[in-house]
Amino acid sequence: MEENDDQSNNEKYNTNAVLTKTLAMSAGKIRKHESLFNMHIKYKADGFITKFREAWSKNVSFCDPGSGIHLRDYPFKLCTLQDFICNEGDIGNLMDEIVREVEWKRLHTDFLEFHQSPDLSSVISHYLGEFYKYLREEVMVWMERLTGEKLTHVSASCSLYNTGDRLLIHNDCVSDRRIAYVFYLSPWDGVKAWSESMGGALELFKEEKENFPQFPAVEKIPPRNNQFVFFHVNSKSWHQVGEVLSFDYPRVTINGWFHGPGKKHPIVKSSSNWDEGIQNTPISRRFALSDWISQEYLEANTKKDIQTHIEEHSQISLHKFIKPDKLAALVEELKKDSPHLIWEKTSSACERNCESLNIESLIAVPGIVGDLVQFLLSAGFFHLLHEYTELDVSGSNAKSPKCFVEIQRWKSECYTMLVNSSTASEEGANESGILDAILYLNEFSDAGTYIYVAHSKDTNAIENDSDMSDEDEGDADDDGPLIIKPKSGALNLVYRLSDMTRFDKYQIYASIVFIIVIIGIGVPMWWKTTEVYRVALPYESINELSETPIISASSVYIYTADPSRANLLVKELSDIFKTSLLDVSFKTVALAESETAGVKTPASLESKILQKYSINPGDFLFVEWSNLNKGESIVVTTDRTAFLAPGTSSVKIGHVLKTWIFQEFKILSILNSRNNSQAMRHKTAAPQSHYDILITVMNPRPDLQDVKWNVRYTAETFIAPFLNEISMLSNFTLKTQWKYQVPFQYSTKQIPDKTKLKRHFALDEDSLPHIVTSVEKNIGHEISNNPCLQLVVYVPPCIKAPVYIYNKKGERATLNKIDAFVSPKWGGIVIANPPEVVCEKYMEDQLKVDVPINSNEISLTLLYMLRKLMEIEIDIPINEATMSEITSISPRKWEIDVYLRNSAIHLIQSSIVTLSSLTKLLKDINYIVINDEVGQAVEDSHRNIIQALIALKQNDLNLAVSLAKKAHLASEAAFFDPSLLALLYFPDEQKYAIYIPLFLPVMIPVLMSMNAIRKSWSKKKEDQSEESEKPKTE
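Note that UniProt numbering numbers the sequence shown so that position 632 is 632, with each residue one more than the last.
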């Protein structure tokens, strides 16, 4: 059948369902329990059954569109019945039970990928049990009447296909299957009948010749709720389940087979066996090996290295084996649609679906492809393989070596089953085995990979079952498969043995060697290797780091027209910062009257001061200016400078310093994380060494609107320069993408207004987290080890625009005509509503419109979001204090200082916590292995932490950040090193308890061997003694 394997009724599955049996007793007799499910009455009618059976037996089509009946005779007998069950409410109950109680098992092989339930005969859920009983007691009898087939029993299970799941082509010819069936469940409103774009269709194929289905499918039957499909199982019933493309709904079915007595389906033998083709012998045509093969593989030392590697590993991959010019010419020739290159399929679809080049077609027409075949069959190439492997394929000991050459072409929909018989069997191989030479002419990702699996006794049983499950595959090779990935121009040699080596006949000597190895080498080696290797670590010094305060120094310069006022401010501010987390040094700035003469602007005064005093990164300067705007006491510029109004108090200055310039509250929260304090704990993780920044433009209705915006240009013009300014701490990868027809799931309320559109849509503030969840699911960010910050620009269609965010008070939260929000640690979303005039045009014409994006507004909003996400933006207002507007993309200089200082503190704090936790764990559990790599990482982190603390205390922010970053990376590498788990659950007291049961069975043959040796020596001595006691005769 299309979806499940035959499963033994004895297979056990855990289930939480409770079987409830209702027994109705009346007059001492048990009434027959009526089934919950009933077939539509039109399918039970005698007239329908008679017509259907006649059409089925004559193999002709039968269709009644009005009643939903369609019997197909092409490409094989298959019938679809719509509205199969009378009461669709029972289908809803059945689906609810499938969702709640079925214990799914994930099937994943090279042939199939979906979820499957246990066989329904073993399920004790109420509705599923009733449905199986209905199939067994009623549908099977009805099916016998319809088809004339004698049926004995039914097998059934549930199948669930999610996005990307599929089942490749097969014909169900296994064992005693007679009729295959599928019952579709899709009870959701709006999707009871699936569209072609949702995928998951049952695809039917015509058989081109015996065991060769013809691609593509001749018909596709999409899923439909309450649809029952069944077909006659035979060698021509080729079908597959197409890939499910729907992201919103799964493909759910109940499916199986009706089984019958009599002859079982024959096992299809391989139609392409390499062993049958191993018949070519070396040809006499001479080739210069250097014309085809790279020179390095013809050198004597390289040949010896290859031989040694094959002796140890039985395989090798020789990259760039074929010369580039030959390789390019071969690829170019094979890609041509040349009439003399005849590609044909030579294997059954049960084994593989790919094309092979007809080698005979190359003989008559000269060309480089034919030259390649003759080169591979040449005696010179055979001799080269002999030098690589020392196998007797050439030379005086060679006994009629043979080979088989095949050129394969792979493209979309090609596959090879794991048990494909295109591998040599034992009968076809000689006693030494077979050498596979695989030459790749080009390469593509995840295509053309060869997998070798060790032969087992069960191989033949698996070979002929195309519906094998994951468990079958898992038993193929306990040691894991050999995987050969394609590399352009690479030659892969794999030597496959066909038989086991024989035991040494001299058992006595083998026993002696065995005893010597076990007792003389094995036991001492076990004793030595089970010792725990532990590098010495600076435990005490790391513990002291936990108590070492993290102090950042800074200098604040103050200039006032009256030097005495500057001295007073310095004294008062020093007192305010006595209890600060920072080591702030306050200093006065003095200028002579001649230096300030003619100064008419605050900028010119600032320039005079900076010519005399150097304000380094991390420092700050306050300059008094008498002509500030009314109501402004302090104006903070974009540089490391602020202007004071005369009379501004030290308390106000200290407040600005602590809240804006140093952001002392953030430092406090970071250090509280160090002390596990919950009062004010920092919620953000330490800065990472690499971030991905992904800008996504979502156009949900490209059929209604064409969004005009060069997002890549915006990213490179606005976002990239900003990221470059803060790249001293982290590396950033900036990416952009467009997403179409992606649902932006939110609930809006239409609100009338006085615009020309006369309405807008309100987006409730409480629904914003749900929007983030839906966007995250569909945004499709590629798998990466780096944290990703998402910046999403959503352009709603005019039929649902404009969209405005409303707060909990029912008021619009739109700021500066922008509706956007930020989700910490994740990213932000901007709602870019189409201009009103565009939507007016759409409402009038109902035609597709161009929607221009205000690039400047959106770019500034994205920059603001990035500032918030990177914790650069500060939104805390201070009375009578203002910040100068940012006039460039770059952050303010003092903002960069704050970002570097806080990041350095955070990285140092995180590194100390990580090292402290690790060393405490290693000290408490003395049987954890500490290898050299872990020890070096701990030492590096410890050294960099100490140096970073010194740099931070010296106000060298750039050096402090660099050292803190190294310390953080080293501490994380040490903490998560997998070698720490090597003996985590293997303490000394368990070493003997575990190894003694292993050594005792080994010692039994040792003792027996010693006893045999003792008897042998005793017998020898007795013989010698008897020989010496015999009387001597003349």
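Glycine included, each C-beta is placed from N, C-alpha and C at the ideal position.
Taking the alpha-carbon positions, what's the K77 to K209 distance? Position 77 of the sequence shown, counting from 1, holds the residue named residue 77. Position 209 of the sequence shown, counting from 1, holds the residue named residue 209. Distance between the alpha carbons of K77 and K209 is about 18 angstroms.
What does DSSP give as the partner residue(s) for H170 in the beta ladder? Position 170 of the sequence shown, counting from 1, holds the residue named residue 170. DSSP output for H170 lists H239 as bridge partner(s).
Under 8 angstroms: do the segment 937-956 and the segment 656-671 share three or more Cβ pairs, one atom per stretch? no
Do you know how far the Cα of L107 is from the Cα of V60? Here residue 60 refers to the residue found at position 60 of the sequence shown. Here residue 107 refers to the residue found at position 107 of the sequence shown. Rounded to the nearest whole angstrom, the C-alpha separation of V60 and L107 is 37 angstroms.
When DSSP labels each residue in this structure, what does C839 get in the three-state scheme? On the sequence shown, position 839 is the one that residue 839 refers to. C839: helix per DSSP, three-state reduction.
Would you check if the segment 794-809 and the segment 760-772 touch, i.e. whether three or more CB-CB distances between them fall below 8 angstroms? yes
If you scan the segment 62-149 from start to end, which runs of the alpha helix (DSSP H) of 4 or more residues do you find wholly inside it? 88-101, 126-134, 140-147
Going along the chain, which residues of its own chain have a beta-carbon closer than 6 angstroms to the beta-carbon of T416, five neighbours each way excluded? Working through the sequence shown from its first residue, we reach residue 416 at position 416. Excluding sequence neighbours, T416 sits near R352.
Does the separation of the CB atoms of S155 and D189 fall below 8 angstroms? For the purposes of this step, residue 155 is taken as the residue at position 155 of the sequence shown. For the purposes of this step, residue 189 is taken as the residue at position 189 of the sequence shown. It is not a contact, given that the beta carbons lie outside the stated cut-off.
Could you check where the beta strand (DSSP E) with F228 kicks off and where it finishes? The sequence position of residue 228 within the sequence shown is 228, counting from 1. Element bounds for F228: 228-232.
For residue 1068, which residues of its own chain have a beta-carbon under 8 angstroms away from its beta-carbon, when the five flanking residues on both sides are left out? Because residue 1068 is not part of the residues shown, which for the chain are 1 to 1034, the question remains open.
Quick one: Cα of Y539 to Cα of L922, how far? For the purposes of this step, residue 539 is taken as the residue at position 539 of the sequence shown. For the purposes of this step, residue 922 is taken as the residue at position 922 of the sequence shown. Between Y539 and L922, the C-alpha separation is close to 10 angstroms.
Ordered along the chain, which non-local residues of its own chain (more than five positions away) have a Cβ less than 6 angstroms from that of K658? As a first step, residue 658 is located in the sequence shown; it is residue number 658 there, counting from the start. Closer than 6 angstroms at the Cβ level, and outside the excluded window around K658, lie E664.
Taking just the CA atoms, how far does I521 sit from V513? Taking the first residue of the sequence shown as 1, we reach residue 513 at position 513. Taking the first residue of the sequence shown as 1, we reach residue 521 at position 521. Cα to Cα, V513 sits roughly 11 angstroms from I521.
So within the segment 928-994, which uninterrupted alpha helix (DSSP H) runs reach at least 4 residues, ignoring any that extend past its ends? You should have 932-953, 957-975.
Quick one: what's got a C-beta closer than 6 angstroms to K42's C-beta in the same chain, skipping five residues either side? Along the sequence shown, one-based indexing puts residue 42 at 42. Excluding sequence neighbours, K42 sits near S67.
Determine the closest residue to L980 out of V174, H770, V934, F382, with distance taken between C-alpha atoms. Counted from its first residue, the sequence shown places residue 980 at position 980. Nearest of V174, H770, V934, F382 to L980, Cα basis: V934.
Measuring only between beta-carbons, confirm whether L815 sits less than 8 angstroms from chain B. As a matter of chain content, chain B is missing from the structure shown, which is built from one protein chain.
Touching or not, the segment 221-229 and the segment 183-198, by the rule of three or more beta carbon pairs under 8 angstroms? yes
Beta-carbon contacts of Q374 that lie in its chain and below 8 angstroms, excluding the five residues immediately before and after: Sequence index remark: in the sequence shown, residue 374 carries index 374 (1-based). Closer than 8 angstroms at the Cβ level, and outside the excluded window around Q374, lie I283, R285, F287.
If you drop the 5 nearest sequence neighbours on each side, which residues of the same chain put their C-beta closer than 7 angstroms to that of N358? Residue mapping note: residue 358 aligns to position 358 of the sequence shown, counting from 1. These residues qualify, in order along the chain: I342, E344.
On the DSSP letters alone, give me the boundaries of the alpha helix (DSSP H) that Q663 sits inside. On the sequence shown, position 663 is the one that residue 663 refers to. Unbroken run through Q663: none, as it is neither H nor E.
Give the DSSP-derived three-state secondary structure of I551 in the structure shown. Position 551 of the sequence shown, counting from 1, holds the residue named residue 551. In the structure shown, I551 sits in coil (DSSP, three-state: anything other than H, G, I, E or B).
Straight-line gap, L694 to A964 (C-alpha atoms, nearest Å): Your numbering for residue 694 matches position 694 in the sequence shown. Your numbering for residue 964 matches position 964 in the sequence shown. Cα to Cα, the separation comes out at about 27 angstroms.
Which residue from S555, A832, V584, K808 puts its Cα closest to that of residue 1035? In the structure displayed, the chain extends from 1 to 1034; residue 1035 sits before or after that span and is not available.
Alpha carbon to alpha carbon, how far is V898 from I858? Give it in angstroms, no decimals. By one-based count along the sequence shown, residue 858 stands at place 858. By one-based count along the sequence shown, residue 898 stands at place 898. Going by the C-alpha atoms only, they are around 26 angstroms apart.
Looking at the structure shown, is H259 part of a helix, part of a strand, or coil, going by DSSP? On the sequence shown, residue 259 is found 259 positions in, with the first residue counted as 1. H259: strand per DSSP, three-state reduction.
So, helix, strand or coil for N492, using DSSP? Walking along the sequence shown from the start, residue 492 turns up at place 492. In this structure, N492 counts as strand in the three-state DSSP scheme.
Cross-strand partners of L160 (DSSP beta bridge): The residue labelled residue 160 in the question sits at position 160 within the sequence shown. Bridge partners of L160: H115, V252.
What first and last residue would you give for the beta strand (DSSP E) that runs through E207? Residue numbering aside, residue 207 sits at position 207 when the sequence shown is read from its first letter. Start and end: 202-209.
Inter-residue spacing [alpha-carbon to alpha-carbon] between R496 and S314: Position 496 of the sequence shown, counted from the start, is the residue given in the question as residue 496. Position 314 of the sequence shown, counted from the start, is the residue given in the question as residue 314. If you take the alpha carbons of R496 and S314, they lie about 8 angstroms apart.
Say whether the segment 924-934 touches the segment 869-879, bearing in mind that this needs 3 or more beta-carbon pairs closer than 8 angstroms, one atom from each stretch. no
8 angstroms contact criterion, which S552 and L915 should meet: CB distance rounded: As a working note, residue 552 is residue 552 in the sequence shown. As a working note, residue 915 is residue 915 in the sequence shown. Contact flag wrong, Cβ pair sits at about 20 angstroms.
Buried/exposed call for A685, threshold 16 Cβ in 10 Å: Reading the sequence shown from its first residue, position 685 is the one you call residue 685. With fewer than 16 Cβ atoms within 10 Å of its Cβ, A685 is classed as exposed.
Enclosing alpha helix (DSSP H) for P563 [first to last residue]: Within the sequence shown, the letter at position 563 stands for residue 563. Residues 563-576.
Between Y388 and the rest of its own chain, which residues show a CB-CB distance below 7 angstroms, the 5 nearest in sequence each way excluded? Against the sequence shown, residue 388 aligns to sequence position 388. If we look at Y388 and ignore the five residues flanking it on each side, its Cβ neighbours are K303, I306, Q307, I310, L493.
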